[in-house]
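Numbering-wise (our numbering), the sequence shown opens with residue 21 and increments by one.
In what follows, a single structure is set out as structure tokens and then discussed.
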Amino acid sequence: MIDRAQLAKFLAVALGGALGALARVAIDMLTPANVWAASTLIVNVLGCVALAALSAYAARRPLAPLLQLFAGTGFCGSFTTLSTVLLLFTSLSAAGYIGYLLLSVVLCLAAVFLTHTLLDRHLARPQELS
21 MIDRAQLAKF
31 LAVALGGALG
41 ALARVAIDML
51 TPANVWAAST
61 LIVNVLGCVA
71 LAALSAYAAR
81 RPLAPLLQLF
91 AGTGFCGSFT
101 TLSTVLLLFT
111 SLSAAGYIGY
121 LLLSVVLCLA
131 AVFLTHTLLD
141 RHLARPQELS
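Put into structure tokens, the structure is as follows:
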């Protein structure tokens, strides 16, 4: 039998996952069809930024566990997909497109590093009273 706390966690991940999947499809639809794999690169960089921001914020400020599940596990988990990246990497490396592979890794690592560093510095500053 599932209790209320477990149900709330399940629903947070499910709702976040549904919204992440819809955002992913929206980016796929907005990305020109002739720019192959561009939407995957876009969502992976944006997903890295989102997860880094969530991580940096949670390290400095209390974050509700349900919000972490909703945003991190749910939204980002369905928005970005490692399986898609690995499939693209396999097919692109076989076709000799090493530049895309390097660009993906460099952009995603840079997105995580910059977002986490900038947000951590911002959150470390004393809060101004309004």
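For each residue, glycine too, the CB sits at the ideal point set by N, CA and C.
Nothing here was measured: the structure is a model prediction, and the numbers come from that model.
Exercise for the section: Could you tell me whether the region 55–64 touches the region 113–132, where touching means 3 or more Cβ pairs closer than 8 Å? Expected result: Verdict: yes, contact present.
Handout entry: Among L134, V33, I62, the one whose alpha carbon lies nearest that of P85
Key = For the purposes of this step, residue 85 is identified with residue 65 of the sequence shown, where counting begins at 1. Nearest C-alpha to P85: V33.
Exercise for the section: Would you kindly check if the distance between the Cβ of A144 and the Cβ of I69 is under 9 Å? Expected result: Here residue 69 is taken as the residue at index 49 of the sequence shown, counted from 1. Here residue 144 is taken as the residue at index 124 of the sequence shown, counted from 1. According to the sequence shown, residue 69 is Val rather than Ile. No, they are not a contact pair.
Exercise for the section: Have a look at Y77 and S113 and give me their C-alpha separation to the nearest angstrom. Expected result: Within the sequence shown, the letter at position 57 stands for residue 77. Within the sequence shown, the letter at position 93 stands for residue 113. Near 36 Å, if we compare the C-alpha coordinates of S113 and Y77.
Practice task
Could you tell me how far apart the beta carbons of G40 and G94 are, in whole angstroms, since I believe they sit closer than 8 Å?
Solution key: Reading the sequence shown from its first residue, position 20 is the one you call residue 40. Reading the sequence shown from its first residue, position 74 is the one you call residue 94. Between G40 and G94 the beta-carbon gap is near 6 Å, inside 8 Å, which marks them as a contact.
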